[in-house]
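**Q**
There are 2 protein chains.
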Amino acid sequence: MSPILHALKHDLATLSPGERKLAERILASPGEIVHMGITELAEQCQVSPAAVTRFCKLLHFKGFPDFKVKLAAEIAHGDAAGADGSSYQDIVAGNPLAVIVEAMQANHLASIRDTTSLLDLERMQAAIDALCRARRVDLYGMATSSIVAQDFYQKLVRIGVSCTAFSDSHMQITSASSLAAGDVALAVSYSGETPETADALECARRSGATTISLTAYGNNTLAALADISLFSSSLEQGMRRGDMASRIAQLHIIDILFTGMVSTRFTDFIPKLEQSYRNVQQYRHKSALPEVEASAQARAKNQRNPLANEQKEDHEYERSDFSQ
Amino acid sequence: MSPILHALKHDLATLSPGERKLAERILASPGEIVHMGITELAEQCQVSPAAVTRFCKLLHFKGFPDFKVKLAAEIAHGDAAGADGSSYQDIVAGNPLAVIVEAMQANHLASIRDTTSLLDLERMQAAIDALCRARRVDLYGMATSSIVAQDFYQKLVRIGVSCTAFSDSHMQITSASSLAAGDVALAVSYSGETPETADALECARRSGATTISLTAYGNNTLAALADISLFSSSLEQGMRRGDMASRIAQLHIIDILFTGMVSTRFTDFIPKLEQSYRNVQQYRHKSALPEVEASAQARAKNQRNPLANEQKEDHEYERSDFSQ
DNA sequence: GCTGGGTATGAAAATAATTTTCTATAATTA
DNA sequence: TAATTATAGAAAATTATTTTCATACCCAGC
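Residue numbers (the numbering used here), protein chains in the order written: chain A, 664 to 987; chain B, 664 to 987.
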């Protein structure tokens with residue numbers, strides 16, 4: 664099921680009566696909703712059109728039309744399940760490797776696709792702008808989410824943005840306390856309910872920083888706390904180890920943020936980026952175990968003589984100038 | 664390509680000038696159109712809004728909103744970006760965000776697909792078996808690749824595999840020296856030429872450990888050094904910032920390795936996995952800033968009263984039992 | 001049982017989006 | 001050249017959506 668519908672079902676219990684009527688109607692036949700006007704839907708649920716708009720805002724959409732378009736995209740994904748494997752598959756025990764591989768691919772592909780179609784470009788742009796203007800950037804995340812924070816940290820350091828990504832929650836708070844207006848704090852959490860991360864973001868907010876959250880789609884504490892809330896696709900109930908797909912989706916968003924930043928301030932950032940890679944190559948210590956090179960050369964077919972080796976290396980630096 | 668876009672392209676020649684301008688704009692980036700109003704599209708094409716409505720009617724839609732919803736559903740099917748399904752797009756400067764998003768999606772989808780199809784299941788299985796048998800696992804990776812190593816580290820710790828993932832190259836060597844036969848060392852590097860990583864893997868090999876490499880596809884030092892070499896998809900030449908896609912692909916492989924391990928030794932690993940998540944919830948400290956919860960509640964409409972809040976939390980633990 | 005503060009909700013006003021109608025102009029043909 | 005038709009915009013009309021505001025409601029505290 665699509666992230667939107669999944670989130671709806673999840674939140675059903677916490678919604679007000681009017682909102683629940685809407686949620687139930689939408690879950691009953693999402694395909695019809697996308698061809699309705701706001702008035703029609705409101706009538707069918709015996710609520711006012713205003714309630715529908717409110718409801719869509721609650722779900723973090725810009726309004727009813729925005730909701731319709733995103734919903735249409737998502738239920739289209741669901742239809743395509745099978746052939747290309749566009750729907751999430753749970754991962755269970757004792758499976759042959761081939762099945763695991765297929766399921767994993769399906770999950771990862773679906774989570775990237777769903778995340779992209781949920782994306783709100785304006786909010787994304789707002790986040791990019793804030794990050795570009797920031798004097799300092801703080802990144803918060805625990806456990807799985809700390810990986811995502813670390814990843815962004817590495818990227819930001821390369822373009823000379825001063826930033827921290829402590830995985831220690833005390834340090835997170837300490838750092839958050841020293842933020843100022845114009846700075847940015849970005850908090851990552853799959854559930855959006857990790858207390859340590861929420862604390863840090865709240866602390867950053869009080870310090871006057873612009874706060875950004877990156878969580879699974881749906882209503883959660885972190886998203887409510889943040890000035891700009893970004894979402895990755897959420898998985899169905901019963902999807903154990905959903906954090907694998909979510910982490911991929913979150914990195915996908917980080918990549919978009921980062922590329923957006925570089926694109927926005929191209930002339931500032933690109934030289935720094937290039938320089939940082941050149942310097943890593945230049946100042947890198949040569950192998951500590953000289954024999955490694957020799958034994959590796961003997962085994963690697965493309966490194967038969969020193970000249971070929973040199974050429975390969977040069978080429979490699981150019982080609983993968985942004986990679987390790 | 665979707666039927667709508669296909670029909671548009673087909674009819675291009677027969678359309679009037681104004682209509683052709685619209686058709687071309689729509690074909691240029693269908694993904695943007697679905698988030699536009701009729702006025703915005705009209706302006707960009709320098710035609711009147713009336714022309715847009717006429718155009719939609721011509722295509723047998725009820726009107727512009729109807730067209731948008733149907734188009735959204737269609738491009739969701741075939742993911743407009745990388746329509747052919749498998750070609751990488753380079754990421755350049757000064758692009759509008761929508762283009763960046765499309766390119767990023769295309770790259771990530773392609774890199775997961777390509778990686779999967781490159782997969783050698785036998786080697787994969789061999790790696791899984793070695794990892795399952797290992798008394799101890801060492802993970803090596805610098806910079807970007809250290810993220811991947813850290814990620815695997817977190818997963819392995821959760822199932823009680825003793826393992827290390829130092830990002831300090833001295834510690835890597837130190838740890839590698841103390842490995843024994845039956846242990847496993849896994850080295851991650853996009854280029855496969857990172858000297859520090861190669862040193863560590865070589866050292867591990869000399870200690871008698873089974874060595875596994877995870878690099879971009881192709882001949883490289885690391886792959887030559889390893890007993891089992893695993894590959895992620897490599898990007899085309901000239902692909903700058905290829906490490907974004909490569910990291911996603913490498914995590915994809917890590918996920919397969921991990922799931923394969925859990926699947927192989929299900930009864931050993933699953934209880935540990937579950938227990939580790941339960942313990943994280945149980946021993947977690949409550950929010951250090953009590954007001955956070957209150958202020959979050961005030962903002963999060965789905966947490967309107969303490970009872971609903973409790974219910975939500977309980978439910979949350981069950982649902983996201985494997986996530987932060 | 002009343003009071004006060006918050007929540008939920010709809011009515012109506014305001015705004016925005018879309019469609020229709022009407023008209024003008026340019027192109028085409030008899 | 002005049003009649004005809006296709007094209008396309010301006011403006012009006014319509015419709016859809018959002019916002020604002022007022023009210024009713026619920027529940028805790030007195």
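Positions of the beta carbon are idealized from the N, C-alpha and C atoms, including for glycine.
Bear in mind the structure is a predicted one, so any value in this text is a computation, not a measurement.
1) Output the distance between the C-alpha atoms of I1034 of chain B and F727 of chain B, rounded to the nearest integer angstrom.
2) Q813 of chain B CB to nearest chain A CB: under 7 angstroms?
3) Answer with yes or no whether the minimum CB distance from S926 of chain B to chain A is below 7 angstroms.
4) Can we say the segment 841-860 of chain B touches the segment 790-806 of chain B, given the rule of at least three CB pairs closer than 8 angstroms?
5) For the beta strand (DSSP E) that contains Y853 of chain A, what are its first and last residues?
6) Could you tell me the alpha carbon to alpha carbon distance between D783 of chain B and A867 of chain A, rounded to whole angstroms?
7) Under DSSP, the beta strand (DSSP E) around L893 of chain B begins and ends at which residues?
8) Counting C-beta neighbours from all protein chains within 10 Å, is the total for A828 of chain A 16 or more, i.e. buried, or is it exposed?
9) Can you tell me the Cα-Cα spacing of A843 of chain A and L760 of chain B, whole angstroms?
10) In this structure, what does DSSP give as the bridge partners for T878 of chain B?
11) Taking C-alpha atoms, which residue in B:E706, B:Q709, B:A714, B:S780 lies nearest to L893 of chain B?
12) Under a Cβ-count criterion, where at least 16 other Cβ atoms within 10 Å of its own Cβ denotes burial, should P693 of chain B be classed as buried or exposed?
13) In whole angstroms, what is the alpha-carbon distance linking M767 of chain B and D918 of chain A?
14) Give me the Cα-Cα distance between D862 of chain B and I836 of chain B, rounded to the nearest whole angstrom.
15) Alpha carbons only, please: which of A:A739, A:A889, A:S897 is nearest the one belonging to G881 of chain A?
16) Consider the Cβ of K731 of chain A: report whether some Cβ of chain B lies at a distance smaller than 7 angstroms.
17) Spatial neighbours of A670 of chain B within its chain, please: C-beta separation below 6 angstroms, excluding the five flanking residues on both sides.
18) Alpha carbon to alpha carbon, how far is H723 of chain A from R786 of chain A? Give it in angstroms, no decimals.
19) Three or more C-beta pairs closer than 8 angstroms, one from the segment 767-776 of chain A and one from the segment 910-928 of chain A: is that the case here?
20) With a threshold of 6 angstroms, establish whether the CB of H915 of chain B neighbours any heavy atom of the ligand GTP.
21) Assign C708 of chain A to one of three DSSP states: helix, strand, or coil.
22) Under 7 angstroms, Cβ to Cβ, is there at least one residue of chain B near V762 of chain A?
23) Give the DSSP-derived three-state secondary structure of V847 of chain A in the structure shown.
24) Please report the straight-line C-alpha distance between H698 of chain A and L734 of chain A, rounded to a whole angstrom.
25) Put V943 of chain A into one of helix, strand or coil per three-state DSSP.
26) In terms of residues, what are the limits of the beta strand (DSSP E) holding D801 of chain B?
27) Is it buried or exposed for T930 of chain B, if we count other Cβ within 10 angstroms and need 16 for buried?
28) For T702 of chain B, go through chain A and note every residue whose CB falls closer than 7 angstroms to its CB, in chain order.
29) I think L704 of chain B touches R688 of chain B, with their Cβ atoms under 8 angstroms apart; what is that distance to the nearest whole Å?
30) If I'm right that S999 of chain B touches A839 of chain B with Cβ under 8 angstroms, what's the distance once you round it to whole angstroms?
31) For C826 of chain A, write down the residues that DSSP places opposite it in a beta bridge.
32) For L819 of chain A, which residues from the same chain have a beta carbon less than 7 angstroms from its beta carbon, with the 5 sequence-adjacent residues on both sides left out?
33) Excluding the 5 residues preceding and the 5 following A793 of chain B in the sequence, name in chain order all residues of the same chain whose CB lies nearer than 6 angstroms to its CB.
34) Taking buried to mean at least 16 other C-beta atoms within 10 Å of its own C-beta, is E954 of chain B buried or exposed?
35) Using only alpha-carbon positions, find the residue among A:V715, A:Q707, A:P666, A:A691 that is nearest to S679 of chain A.
36) Would a C-beta distance cut-off of 7 angstroms place I822 of chain B and K935 of chain B closer than the cut-off?
**A** Taking the definition as stated:
1) Shown here, chain B extends from 664 to 987; a query on residue 1034 of chain B therefore has no answer.
2) For the purposes of this step, residue 813 of chain B is taken as the residue at position 150 of the second sequence. It does; some Cβ of chain A falls within 7 angstroms.
3) Residue mapping note: residue 926 of chain B aligns to position 263 of the second sequence, counting from 1. Taking Cβ atoms only, chain A reaches closer than 7 angstroms to S926 of chain B, which makes this a yes.
4) yes
5) Taking the first sequence and counting its residues from 1, the one referred to as residue 853 of chain A is at position 190. Note, Y853 of chain A: premise wrong, no beta strand (DSSP E); not H, not E.
6) What you label residue 783 of chain B is simply residue 120 of the second sequence in a count that begins at 1. What you label residue 867 of chain A is simply residue 204 of the first sequence in a count that begins at 1. C-alpha separation (whole angstroms): 47 angstroms.
7) On the second sequence, position 230 is the one that residue 893 of chain B refers to. Note, L893 of chain B: beta strand (DSSP E), 891-895.
8) Position 165 of the first sequence holds residue 828 of chain A. By the beta-carbon neighbour count (other beta carbons within 10 angstroms, threshold 16), A828 of chain A is buried.
9) Position 180 of the first sequence, counted from the first residue, corresponds to residue 843 of chain A. Position 97 of the second sequence, counted from the first residue, corresponds to residue 760 of chain B. So the two alpha carbons sit approximately 28 angstroms from each other.
10) The count along the second sequence starts at 1 and reaches residue 878 of chain B at position 215. In the DSSP output, where bridge partners are listed per residue, T878 of chain B has B:F894.
11) Within the second sequence, numbered from 1, the residue matching residue 893 of chain B stands at position 230. Ranking B:E706, B:Q709, B:A714, B:S780 by Cα distance to L893 of chain B puts B:S780 first.
12) Translated into the one-based positions of the second sequence, residue 693 of chain B becomes position 30. Under this definition P693 of chain B is a buried residue.
13) Within the second sequence, numbered from 1, the residue matching residue 767 of chain B stands at position 104. Within the first sequence, numbered from 1, the residue matching residue 918 of chain A stands at position 255. Each residue's Cα considered, the two are about 8 angstroms apart.
14) Numbered from 1 along the second sequence, position 199 holds the residue referred to as residue 862 of chain B. Numbered from 1 along the second sequence, position 173 holds the residue referred to as residue 836 of chain B. Near 7 angstroms, if we compare the C-alpha coordinates of I836 of chain B and D862 of chain B.
15) Taking the first sequence and counting its residues from 1, the one referred to as residue 881 of chain A is at position 218. Ranking A:A739, A:A889, A:S897 by Cα distance to G881 of chain A puts A:S897 first.
16) Here residue 731 of chain A corresponds to residue number 68 of the first sequence, with the count starting at 1. With a threshold of 7 angstroms between beta carbons, K731 of chain A makes contact with chain B.
17) For the purposes of this step, residue 670 of chain B is identified with residue 7 of the second sequence, where counting begins at 1. Cβ within range, chain order: n/a, list empty.
18) What you label residue 786 of chain A is simply residue 123 of the first sequence in a count that begins at 1. What you label residue 723 of chain A is simply residue 60 of the first sequence in a count that begins at 1. So the two alpha carbons sit approximately 10 angstroms from each other.
19) Segments in contact, yes.
20) Judged by which ligands are present, the structure shown has none, so any question about the ligand GTP falls away.
21) Within the first sequence, numbered from 1, the residue matching residue 708 of chain A stands at position 45. Here C708 of chain A sits in coil by DSSP.
22) Sequence index remark: in the first sequence, residue 762 of chain A carries index 99 (1-based). So no, V762 of chain A is outside the interface.
23) Sequence index remark: in the first sequence, residue 847 of chain A carries index 184 (1-based). Three-state result, V847 of chain A: strand.
24) The sequence position of residue 698 of chain A within the first sequence is 35, counting from 1. The sequence position of residue 734 of chain A within the first sequence is 71, counting from 1. Approximately 11 angstroms between the Cα atoms of the pair.
25) What you label residue 943 of chain A is simply residue 280 of the first sequence in a count that begins at 1. Helix.
26) Numbered from its first residue, the second sequence carries residue 801 of chain B at position 138. Its beta strand (DSSP E) spans residues 800-803.
27) Within the second sequence, the letter at position 267 stands for residue 930 of chain B. Classification of T930 of chain B: exposed, given that the 10 Å Cβ count is below 16.
28) Counting from one through the second sequence, the residue named residue 702 of chain B turns up at place 39. Near T702 of chain B there are no residues of chain A at all, since even the closest Cβ is about 13 angstroms away, more than 7 angstroms.
29) Looking up residue 704 of chain B in the second sequence gives position 41. Looking up residue 688 of chain B in the second sequence gives position 25. Correct: roughly 7 angstroms between the Cβ atoms.
30) With chain B running from 664 to 987 in the structure shown, residue 999 of chain B is simply not present.
31) The sequence position of residue 826 of chain A within the first sequence is 163, counting from 1. Bridge partners of C826 of chain A: A:V800.
32) By one-based count along the first sequence, residue 819 of chain A stands at place 156. Cβ within range, chain order: V800, C826.
33) By one-based count along the second sequence, residue 793 of chain B stands at place 130. These residues qualify, in order along the chain: V847, T873.
34) The sequence position of residue 954 of chain B within the second sequence is 291, counting from 1. For E954 of chain B, the pLDDT reaches just 47, beneath the cut-off of 50, and the residue's location in the model is therefore unreliable, leaving the point undetermined.
35) Against the first sequence, residue 679 of chain A aligns to sequence position 16. The shortest C-alpha separation from S679 of chain A is found at A:V715.
36) What you label residue 822 of chain B is simply residue 159 of the second sequence in a count that begins at 1. What you label residue 935 of chain B is simply residue 272 of the second sequence in a count that begins at 1. Their beta carbons are under 7 angstroms apart, which means I822 of chain B touches K935 of chain B by this criterion.
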